[in-house]
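To convert, note that position 216 of the sequence shown is 216 in the UniProt record's numbering; the numbers rise steadily by one, no gaps.
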Amino acid sequence: MSDLKTAALEYHANPRPGKLSVELTKATATARDLSLAYSPGVAEPVREIARDPELAYKYTGKGNLVAVISDGTAILGLGNLGPLASKPVMEGKGVLFKRFAGIDVFDIEVDSESPQAFIDTVKRISITFGGINLEDIKAPECFEIERALIEQCDIPVFHDDQHGTAIVTAAGMINALEIAGKTLPDAKIVCLGAGAAAISCMKLLVSMGARIENIFMVDRTGVIHSGRDDLNQYKAVFAHATEKRSLADALAGADVFVGLSGPNLLSAEGLLSMAANPIVFACSNPDPEISPELAHATRSDVIMATGRSDYPNQVNNVLGFPFIFRGALDVRAKRINEEMKVAAANALRELAKLPVPQDVCDAYGGAPLEFGREYIIPKPMDKRLITLISDAVAKAAIETGVATLPYPKNYPLKSVDDVFNG
């Protein structure tokens, strides 16, 4: 761990601090270049945009620029460490947007005294951007912040901790259920954790066919049920009549365990009590709710996923958000709606069933990768993600009426290099 700490700090500090920079996209070699870039030439696009605000997409970088914004109240698994401490994470998010989808990012850390102050700040600066990625904001405030900004802004606003996690989880889970010979409508699902990611995961699963009466959400108090009077409006959606009160009660006979909570909270005894071919998504990072070693030693029939890259079936948001925003930006969608999220999840799960190119296998040690218990979700280095997910999201935006541009003529994209071609 000390070696990782040293390497991480060295990586972020040298050869220059941080992970992002601003690059020039136009020539600046001559006096004429500068006269076009700034005064007097810059007055011409200013006049055009004043005449028609939509022309900002033609004459500026707005259409390919996303704000990654946080108040630092829920940084990774580290908690509320403040907005400045969140900056390395926000820069890192920018790296992933650029690396995988060719999207430019400004990271913005907001020192706000209240959720309303945060909302007001983001709303006022939103005209700068083509989209807004909210990040590392604690629940339940994150729900109201996202809802308000979606209503007030005319560009996509997406809280990735909620929806990115949900999309990747749903894709992997439906594939795992198929391998286990089960279906989403019939699956009994236990969700340990009731924060932003957990609630959004369960909501998306319901959108895709799961039944609320089959979902048992467990928070620090126990099973969320209709007899409790301590539930906020977001947890209350998943409250139904049940005699189950503890995690152990919920696990008995369950088909699926989804952990979005903390380390080592799923015991071997709990796993043993689950149904045949149990599906375990232990997504707490860096230490999952149960280690894969213990899970496999306990049940030979378990299908296991974690949030870690050093085990098979990594539930990683990078499989979703760069390509979801790419599709939304390219048809200039006003929002990212439920249909676009479902389209992304379906595209992701279908990609896992296609033959895996050798270059992807080589990037992960060279062993063949094939749809099955240890490959239910595609790998982040798969170049087909931008082709399939961005295309599915763009089409869903058009079909549901939130797109303001037609299907792009350079679609489906084959690589990041295609972003500006055509």
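C-beta atoms are modelled at their ideal positions from N, C-alpha and C, and glycine is treated no differently.
(Q) Among the candidates LEU204, ASP230 and LEU24, whose CA atom is the shortest distance from the CA of LYS341? (A) The candidate whose alpha carbon is nearest that of LYS341 is LEU204.
Q. So what's VAL134 in DSSP terms, helix, strand or just coil?
A. What sits at residue 134 in the sequence shown is Leu, not Val. In the structure shown, LEU134 falls within a strand segment according to DSSP collapsed to helix, strand and coil.
Q.
With H, G and I counted as helix, E and B as strand and the rest as coil, what does DSSP make of GLY61?
A. In this structure, GLY61 counts as coil in the three-state DSSP scheme.
(Q) Going by C-alpha to C-alpha distance, which of GLY222, GLY94, PRO406 and PRO83 sits closest to LYS244? (A) Distances from the alpha-carbon of LYS244 to those of GLY222, GLY94, PRO406 and PRO83 put GLY222 closest.
Q | Residue closest to THR169, alpha-carbon to alpha-carbon, out of ASP310, ARG332 and ALA282 | A | The residue with the shortest Cα to Cα distance from THR169 is ALA282.
Q: Kindly indicate the opening and closing residues of the alpha helix (DSSP H) around GLY79.
A: Where GLY79 is concerned, there is no enclosing alpha helix (DSSP H), given that its DSSP letter is neither H nor E.
(Q) Whole angstroms are fine: how far does the CA of VAL42 sit from the CA of ALA27? (A) Straight-line Cα distance between these residues: approximately 14 Å.
Q: Starting from ASP104, trace the beta strand (DSSP E) both ways and give me its first and last residue.
A: Its beta strand (DSSP E) spans residues 104 to 109.
Q. Can you tell me the Cα-Cα spacing of ASN287 and LEU76, whole angstroms?
A. Reading off the sequence, residue 287 comes out as Asp, not Asn. Cα to Cα, ASP287 sits roughly 12 Å from LEU76.
Q) Can you tell which of ALA347, ASN410, LYS5 and ASP310 has its C-alpha closest to the C-alpha of residue 488? A) Since the displayed the chain opens at 1 and closes at 422, residue 488 lies outside it and no answer follows.
(Q) Using a Cβ-Cβ cutoff of less than 6 Å, which residues in the same chain neighbour SER246 once the five nearest sequence positions on both sides are dropped? (A) The residues are GLY222.
Q: Give the secondary structure of ASP359 by DSSP, where H, G and I count as helix, E and B as strand, and everything else as coil.
A: ASP359 falls in the helix class under three-state DSSP.
Q: For the stretch 374 to 401, list the alpha helix (DSSP H) runs that are entirely contained and at least 4 residues long, ordered along the chain.
A: Runs of the alpha helix (DSSP H) inside the stretch 374 to 401: 384 to 399.
Q.
Given this structure, state the Cα-to-Cα distance separating GLY172 from LEU329, to the nearest angstrom.
A. Answer to the nearest angstrom: the Cα atoms are 25 Å apart.
Q: Can you tell me which of the three DSSP states VAL258 falls into?
A: DSSP places VAL258 in strand when its eight states are reduced to three.
Q.
Please state the DSSP three-state secondary structure of LEU192.
A. Strand.
Q) If you run the structure through DSSP and keep just helix, strand and coil, what is GLY327? A) Annotated three-state conformation of GLY327 is helix, per DSSP.
Q.
Quick check on DSSP: helix, strand or coil for ILE224?
A. In the structure shown, ILE224 sits in coil (DSSP, three-state: anything other than H, G, I, E or B).
Q: At 3 residues or longer, and completely inside the stretch 229 to 291: list those beta strand (DSSP E) runs for me, N to C.
A: Runs of the beta strand (DSSP E) inside the stretch 229 to 291: 256 to 259 and 279 to 282.
Q. How about SER200 and HIS240: do their beta carbons lie closer than 7 Å?
A. SER200 is not a Cβ neighbour of HIS240, given a cutoff of 7 Å.
(Q) Quick check: ALA254 and LYS188, are their CB atoms within less than 7 Å of each other? (A) In contact: ALA254 and LYS188 (Cβ atoms closer than 7 Å).
**Q.** Check whether GLY270 and GLU289 have beta carbons under 7 Å apart
**A.** No, Cβ-Cβ distance for GLY270 and GLU289 is not below 7 Å.
(Q) Pop quiz: ASP107 and GLU91 are said to be a contact at Cβ under 8 Å. What is the actual Cβ separation, rounded to whole angstroms? (A) Taking C-beta atoms under 8 Å as the contact rule, ASP107 and GLU91 qualify, at a distance of about 5 Å.
Q.
Quick check on the DSSP output: the alpha helix (DSSP H) that includes ILE174 runs from which residue to which?
A. ILE174 -> alpha helix (DSSP H) spans 160 to 179.
Q | For MET304, the first and last residue of its enclosing beta strand (DSSP E) | A | Note, MET304: beta strand (DSSP E), 303 to 306.
Q: Would you check if there are 3 or more beta carbon pairs closer than 8 Å linking the stretch 55 to 67 to the stretch 131 to 144?
A: Contact holds: three or more Cβ-Cβ distances are below 8 Å.
Q: Report back the beta-carbon spacing between ILE377 and ASN313 to the nearest angstrom; my notes put them in contact at under 8 Å.
A: Rounded, the Cβ-Cβ distance is 6 Å, consistent with contact.
Q. Would LYS5 be called buried (16 or more neighbouring beta carbons within 10 Å of its own) or exposed?
A. Exposed, by the Cβ-count rule.
Q: Could you pull the start and end residues of the beta strand (DSSP E) that MET90 belongs to?
A: According to the DSSP assignment, MET90 belongs to no beta strand (DSSP E) but to the alpha helix (DSSP H) extending over 87 to 101.
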